[in-house]
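Student: I'd like to ask some things about the structure below.
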Amino acid sequence: MTDYEKINDLIKNIRTVIFTFSNTEGHLHAAPMTTQNREFNGQVWFIGSKKSELCQSLQTDSQVNLAYVTSSNHYVSIHGTANLVDDQSILDELWSPAYEAFFENGKQDPDVQLIQVNAHGAQYWESAGTIATLYKLTKAAISGEKQELGTSDTVRL
């Protein structure tokens, strides 16, 4: 399994991520965002507002981090650079009617902004699940033996 396939396997069913960026004052901020693409290929797409703090900040600092958490206690952190993209064909492909709640004029709203994150690397942690982890933590506390609580790896993309 390639690194891309591994990351895709871990995040494929996660739609909401925590998108961390540096604001215009240099402070780290994080916002929940909905991913638009269904398969990870090194790029992650979002739809945002040009007026948002996120889009304003990306104009001066494109370094970002995306944090994913699965219901089975797996964690993925992707770091990369973000680009503000204006491409009607991509917007047409990614657009969902749900966005009309945020953009008065739908896809044609001048405030709509595509955000493309190009991944440079990722780190992931896979646990055995909550019950197994609690069991291992209890066993370690009683026995003093170190327990393997899961796997972790860092990959370059």
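Residue numbers (my numbering): 410 to 566.
Every residue, glycine too, gets a C-beta built ideally from N, C-alpha and C.
1. Once the 5 residues before and after residue 563 are set aside, which same chain residues still bring their CB inside 6 angstroms of it?
2. Decide yes or no for the touch test of the region 502-514 against the region 459-467: beta carbon pairs closer than 8 angstroms, at least 3 of them.
3. Would you give the residue range spanned by the alpha helix (DSSP H) that residue 500 belongs to?
4. Taking the DSSP output, what are the residues bridged to residue 467?
5. For residue 528, which residues does DSSP report across the bridge?
6. Are the Cβ atoms of residue 467 and residue 503 separated by less than 8 angstroms?
7. Quick test of the definition: if touching needs 3 or more C-beta pairs under 8 angstroms, does the region 487-501 touch the region 517-525?
8. Does the Cβ of residue 445 have 16 or more other Cβ atoms within 10 Å, making it buried, or fewer, making it exposed?
9. Helix, strand or coil for residue 445, going by three-state DSSP, please let me know.
10. Between which two residues does the beta strand (DSSP E) holding residue 474 run?
Tutor: Looking at the coordinates:
1. 532
2. no
3. 497-503
4. Answer by DSSP bridge pairing: none, since residue 467 is not bridged.
5. Residue 528 pairs with 489.
6. no
7. yes
8. buried
9. Annotated three-state conformation of residue 445 is coil, per DSSP.
10. 472-478
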